[in-house]
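Numbering (the numbering used here), first residue to last: 59 to 196. Okay, so here's the structure we're looking at.
Right, here's the structure in full:
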């Protein structure tokens with residue numbers, strides 16, 4: 059895997075993957091032209107674990123109709139501003155077995171999500187699952 063970034067202007071940078079896909083980063087606090095690099099890391103975490111959970115639930119033939127993974131992260135005020143704590147919230151919809159969802163989320167966190175495994179080296183990664191009836195699972 060190869061990637062690079064190019065400074066465009068001001069606080070705007072373009073990240074470019076080996077295949078040509080791009081993402082615009084904006085280091086300005088307003089982030090008007092794109093996410094900051096650290097926001098992109100959180101977005102990548104949400105995307106990575108979403109791919110795992112959807113795939114696992116589909117293999118288990120669960121009636122998943124929706125999944126939203128949200129991340130809240132804590133950082134120190136001073137550099138380096140690495141994440142120290144991340145909480146993921148999985149909001150699932152569909153006709154689902156609670157156990158199947160819990161197992162899928164645990165498998166993603168503990169085995170499959172590469173982004174999560176990397177971030178766990180610096181941050182505590184916790185999660186909760188919100189089921190269709192609105193009742194969160196610890």
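We put the CB at the ideal spot given by N, CA and C, even for glycine.
In three-state terms, what does DSSP make of residue i?
i           : result
residue 90  : coil
residue 85  : coil
residue 105 : helix
residue 125 : strand
residue 151 : strand
Bridge partners for residue i per DSSP, in chain order?
i           : result
residue 67  : 70
residue 145 : 130 and 184
residue 75  : 61
Ends of the alpha helix (DSSP H) at residue i?
i           : result
residue 135 : That residue, residue 135, is in no alpha helix (DSSP H); it is neither H nor E in DSSP.
residue 176 : 172 to 177
residue 119 : Counting along the chain, residue 119 falls outside any alpha helix (DSSP H), and DSSP gives it neither H nor E.
residue 169 : Run containing residue 169: none; DSSP gives neither H nor E here.
Would residue i and residue j be called neighbours here (beta carbons separated by less than 8 Å)?
i           : j           : result
residue 76  : residue 59  : yes
residue 149 : residue 114 : no
residue 112 : residue 125 : yes
residue 158 : residue 120 : yes
residue 80  : residue 74  : yes
- Task: Inspect the CB distances between the region 170 to 178 and the region 100 to 109 and report whether three or more fall short of 8 Å.
- Result: A contact exists between the region 170 to 178 and the region 100 to 109.
- Query: Do three or more CB pairs link the region 77 to 91 to the region 134 to 151 at distances below 8 Å?
  - Reply: Contact between the region 77 to 91 and the region 134 to 151 is absent, because fewer than three Cβ pairs lie under 8 Å.
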